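Residue numbers (the numbering used here): 167 to 429.
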């Protein structure tokens, strides 16, 4: 905007606006942003959305899948500006809760780092692992502390809580179906989500990637004990211990996860 002050009828001078300091938006800028957010037409047949979509039109979605033994991955792209990836794997662990010996466990990890946005810092992924709980030989906790920007911590925590509410509290995953041997072995699922590019709707992209990866994952078969004719095997079974082996997916067809519904 340019302010024009008239000195007389023949002479005018122009005072340019100083944009070096912080300022509020002009009325024209506010009107443009408000109309763009609401999808109001500036003229007949034109919509104020930067990517050309209609007000109620969703972004185009593209999913890419990959799978190997005991691991599945999914990459989701929303439009041209948002990408997220999720991987799922499983491991055999003793039942985490003594009062529920048949319940398996699902753990989530969310990484929101500098790859997603230039303003984000490199930090430990946010997870719902208990403090001091071992993960791949290391220790994991809540993460996200220190000098991490508030907006980055908030985004990671909101994605993590949304995954918990959608998949765990919502009853999408059957915890009892993850039991291998009651009171001895259960499956622990690890769902790791990474925000690759934050161009809007990041929470939707991360949840979609996690659900698609869980749907694409195949749980390997497990062999418990051996043939009962062996003397050593019989003694091990009578003492309460049975050897447990995870069968490779190339040797025996794995099975899909027991999901009640797709959120």
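Virtual Cβ for every residue (Gly too), placed ideally from N, Cα, C. Computed from a prediction, not measured in an experiment: that's the story for all the values here.
message = Quick check: residue 245 and residue 221, are their CB atoms within less than 8 Å of each other?
response = The residue given as residue 245 occupies position 79 in the chain shown. The residue given as residue 221 occupies position 55 in the chain shown. In this structure, residue 245 keeps its C-beta atom at 8 Å or more from the C-beta atom of residue 221.
message = So, with DSSP's three-state summary, where would you put residue 350?
response = What you label residue 350 is simply residue 184 of the chain shown in a count that begins at 1. Three-state DSSP puts residue 350 in coil, outside helix and strand.
request  = Figure out for me which residue from 268, 425, 327 has the closest Cα to the Cα of residue 340.
outcome  = Residue numbering aside, residue 340 sits at position 174 when the chain shown is read from its first letter. Among 268, 425, 327, the Cα nearest to that of residue 340 is on 425.
ask   = Going straight from the alpha carbon of residue 324 to that of residue 348, what length do you get?
value = Residue numbering aside, residue 324 sits at position 158 when the chain shown is read from its first letter. Residue numbering aside, residue 348 sits at position 182 when the chain shown is read from its first letter. Answer to the nearest angstrom: the Cα atoms are 34 Å apart.
Buried or exposed by the 16-neighbour rule on C-beta atoms within 10 Å, applied to residue 302 = As a position in the chain shown, residue 302 is number 136, starting the count at 1. Per-residue confidence for residue 302 stands at a pLDDT of 49, beneath the threshold of 50, marking its modelled position as unreliable; the derived number appears in the next sentence. Its Cβ having fewer than 16 others within 10 Å, residue 302 is exposed.
ask   = Excluding the five sequence neighbours on either side, which residues of its own chain have a C-beta within less than 6 Å of the C-beta of residue 287, listed in chain order?
value = Working through the chain shown from its first residue, we reach residue 287 at position 121. Excluding residues within five positions, the ones whose Cβ falls inside 6 Å are 314.
query = Within this structure, are the beta carbons of residue 237 and residue 255 separated by less than 8 Å?
reply = Mapped onto the chain shown, residue 237 falls at position 71. Mapped onto the chain shown, residue 255 falls at position 89. Yes, they are a contact pair.
ask   = Between residue 377 and residue 200, what straight-line distance do the alpha-carbon atoms span, to the nearest angstrom?
value = For the purposes of this step, residue 377 is taken as residue 211 along the chain shown, with counting starting at 1. For the purposes of this step, residue 200 is taken as residue 34 along the chain shown, with counting starting at 1. Taking the straight line joining both Cα atoms gives about 34 Å.
ask   = Of the choices 197, 417, 321, whose alpha-carbon is the least far from that of residue 276?
value = Indexing the chain shown from 1 puts residue 276 at position 110. Nearest of 197, 417, 321 to residue 276, Cα basis: 321.
query = Is the CB of residue 331 under 8 Å away from at least one CB in chain C?
reply = As a matter of chain content, chain C is missing from the structure shown, which is built from one protein chain.
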